[in-house]
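Colleague:
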DNA sequence: TTCTAAATGATAGTAATACTATCTTATTAA
DNA sequence: TTAATAAGATAGTATTACTATCATTTAGAA
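Chains as they are written, first to last, in this note's numbering: chain A, 1 to 224; chain B, 225 to 448.
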């Protein structure tokens, strides 16, 4: 049996659904590669079009602008991660074990997932680390939020917050701790690889150290 | 007695030192205002020049490009914050009290500091929250780091890390916890004001709740 | 199978951005 | 007083971020 994971995306993220055509899938695939290679700032629809072998106008039929495309990619990532969290915490009773699994899913790089052939999840993870917060760190954040563009992120945050509450129903900051874990899983990774003085992991580039740090941080906070 | 605080900035941050001329100070003052008003993405040297009443070329004599100017502003902010940390933790013996003061300095909005007339510190704080991480979240981060452009941030992180170690010399992650406090002081503020579902502070916009959250996070982690 | 609508390709064009260059005038320090 | 230095004025270029139009291909319904 071959599984195909299809993530339902908010219609406001795009002008034409990129999942429903070859060109659309190419746009996602190649934009992830290009952003990973050169960074979001130097990423343009022109370069993307050349990369794909189509024209700028072709891209604009799918996405209003490159920021919307970034939000799309980021939203896709968070949806996919929430799916993985669901799968990996499913039959587990102990919320502490659940939370440990979640931390690993957040902090450990993934292997490419065959189920979604037009997305390369391992480089996607790298992109989210460097570019993810740019999706919301803008003047338009409230407007975009009103259009529910950040729903996948908020859903994931809520889900992890619930697991935290399962561990300790009296803990006062489940959502803030949840967003802290999510952000720090990525930022500590970025720091480890690029500004190691901001971490205690040196240049080991060993993600399991981030996991250990986050576990200590989280469980000392929420223990009853 | 009138005090004038002069922060010595890394020479590589600029082409011509903006602190040493009227035009330079205007560039800093007005760029902070403009970035605050419209966001970094829509900020251009042309608009800045018009705002000041000079020409684009004039700005380019001080800063290579707008990203360098952002790094300058961010670096200035971290230097200034480290100075404030030094002042406010000076004669304090108890490292726990010190660390609490630091958390407040990080998380509570400042009033404009008369000592540095050409910088508006309160809106600067707002800018750093929204735009601060864009200074290093780029493809050039290693290059910029080699030029020591992030030294003020790293110095502050080290300083807070040392206070953490004073609280508990055996704590294993002083620097990572330090960078976590710094980043979360800002991110939780941004979330509270723009994406409140990611926090437990609602739309109260009450910074003291962020302080309470961070204190609980930090002190439960480092307690012996 | 044919018709029709939708998607794509090809091309052009515009305003703004991100610079660089040059020349002149004002300021200031030796 | 002169000689450097900073600033102002102006111009120009390549790239970016779009929008518009028309032709061609493709896919689905009649």
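We treat Cβ as the ideally placed atom computed from N, Cα and C, and that holds for glycine. Treat the numbers as computed from the prediction; the structure is a model and nothing was measured.
Residues in the segment 183-200 of chain A with C-beta within 8 Å of chain B's C-beta atoms, listed in sequence order?
Modeller: Within the segment 183-200 of chain A, the residues whose Cβ lies closer than 8 Å to some Cβ of chain B are 183, 184, 187, 188, 190, 191, 194, 195, 197, 198, 199 and 200, listed in chain order.
Colleague: Determine the chain B residues that contact residue 168(A) at a beta-carbon separation under 8 Å, and present them in chain order.
Modeller: Residues of chain B passing the Cβ test: none, with the nearest at roughly 11 Å.
Colleague: For residue 193(A), tell me which candidate among 184(A), 206(A), 7(A) and 182(A) has the shortest Cα-Cα distance.
Modeller: With distances taken between Cα atoms, residue 193(A) lies closest to 206(A).
Colleague: Report all residues from its chain with a CB closer than 7 Å to the CB of residue 414(B); omit the five preceding and five following residues, and keep chain order.
Modeller: So the qualifying residues of the chain are 353 and 354.
Colleague: Touching or not, the segment 434-442 of chain B and the segment 208-216 of chain A, by the rule of three or more beta carbon pairs under 8 Å?
Modeller: They do not touch, by the three-pair rule.
Colleague: Give the single residue among 427(B), 281(B) and 351(B) whose Cα lies nearest to the Cα of residue 260(B).
Modeller: Closest by alpha carbon: 351(B).
Colleague: Between 34(A), 93(A) and 12(A), which lies nearest to residue 48(A) when the distance is taken from Cα to Cα?
Modeller: Minimum Cα distance to residue 48(A) is reached at 34(A).
Colleague: Which whole-angstrom value describes the C-beta separation of residue 334(B) and residue 346(B), a residue pair presumed to lie in contact below a C-beta threshold of 8 Å?
Modeller: Confirmed, Cβ separation roughly 6 Å.
Colleague: Identify each residue in the segment 21-46 of chain A for which the Cβ-Cβ distance to at least one residue of chain B is less than 7 Å, and report them in chain order.
Modeller: Those would be 38, 39 and 41, in chain order.
Colleague: Cβ of residue 288(B) within 8 Å of Cβ of residue 376(B)?
Modeller: Contact flag unset, no.
Colleague: Label residue 356(B) either buried or exposed according to how many other C-beta atoms from any shown protein chain fall within 10 Å of its C-beta, with 16 as the threshold for buried.
Modeller: Residue 356(B) comes out buried.
Colleague: Taking Cβ positions, are residue 395(B) and residue 316(B) nearer each other than 8 Å?
Modeller: No, the Cβ-Cβ distance between residue 395(B) and residue 316(B) is not below 8 Å.
Colleague: Does any C-beta atom of chain A lie closer than 8 Å to the C-beta of residue 440(B)?
Modeller: Chain A contact via Cβ: present.
Colleague: Less than 7 Å between C-beta atoms, sequence neighbours within five positions excluded: which residues of the same chain meet that for residue 69(A)?
Modeller: These residues qualify, in order along the chain: 31 and 63.
Colleague: CB residue 225(A) to CB residue 177(A), shorter than 8 Å?
Modeller: Since the first residue shown for chain A is 1 and the last is 224, residue 225(A) is missing from the structure and cannot be characterised.
Colleague: Let me check understanding here. Comparing Cα to Cα, which of 157(A), 50(A), 149(A) and 200(A) lies closest to residue 424(B)?
Modeller: Taking only the C-alpha atoms, the option nearest residue 424(B) is 157(A).
Colleague: Since residue 139(A) contacts residue 263(B) with CB under 8 Å, what's their CB separation in whole angstroms?
Modeller: Sure, about 4 Å apart at Cβ, within 8 Å.
Colleague: Determine, using beta carbons only, whether residue 52(A) and residue 27(A) come nearer to each other than 8 Å.
Modeller: In this structure, residue 27(A) lies closer than 8 Å to residue 52(A) by Cβ.
Colleague: Exposed or buried, residue 185(A), counting other C-beta atoms within 10 Å across all chains shown (16 or more means buried)?
Modeller: Result: buried.
Colleague: Just to make sure I have the definition right: I need the residues of chain A whose C-beta is within less than 9 Å of the C-beta of residue 374(B). Which are they?
Modeller: 195, 197 and 198, listed in chain order.
Colleague: Pull up the distance between the alpha-carbon of residue 407(B) and that of residue 269(B), whole angstroms please.
Modeller: Near 28 Å, if we compare the C-alpha coordinates of residue 269(B) and residue 407(B).
Colleague: Nearest to residue 216(A) by alpha carbon, out of 428(B), 398(B) and 427(B)?
Modeller: The option with the nearest alpha carbon to residue 216(A) is 398(B).
Colleague: What is the residue span of the alpha helix (DSSP H) that residue 45(A) lies within?
Modeller: Its alpha helix (DSSP H) spans residues 45-52.
Colleague: Name the two residues that bound the continuous alpha helix (DSSP H) containing residue 160(A).
Modeller: Run containing residue 160(A): 151-167, per the alpha helix (DSSP H) assignment.
Colleague: Below 8 Å CB to CB, which residues in the same chain sit around residue 344(B) once its five sequence neighbours on both sides are set aside?
Modeller: Excluding positions up to five away in sequence, the list reads 253, 256, 257 and 336.
Colleague: Measuring alpha carbon to alpha carbon, tell me which residue in 371(B), 392(B) and 278(B) is nearest residue 235(B).
Modeller: It is 371(B).
Colleague: What distance in whole Å lies between the Cβ atoms of residue 309(B) and residue 326(B), which are believed to be in contact at a cut-off of 8 Å?
Modeller: Confirmed, about 6 Å.
Colleague: Going residue by residue through the segment 296-378 of chain B, where are the continuous alpha helix (DSSP H) segments of at least 4 residues, counting only ones entirely within it?
Modeller: Segments of the alpha helix (DSSP H) lying fully in the segment 296-378 of chain B: 319-331, 345-355 and 365-370.
Colleague: How far does the alpha helix (DSSP H) with residue 408(B) in it reach, from first residue to last?
Modeller: Unbroken alpha helix (DSSP H) run through residue 408(B): 398-418.
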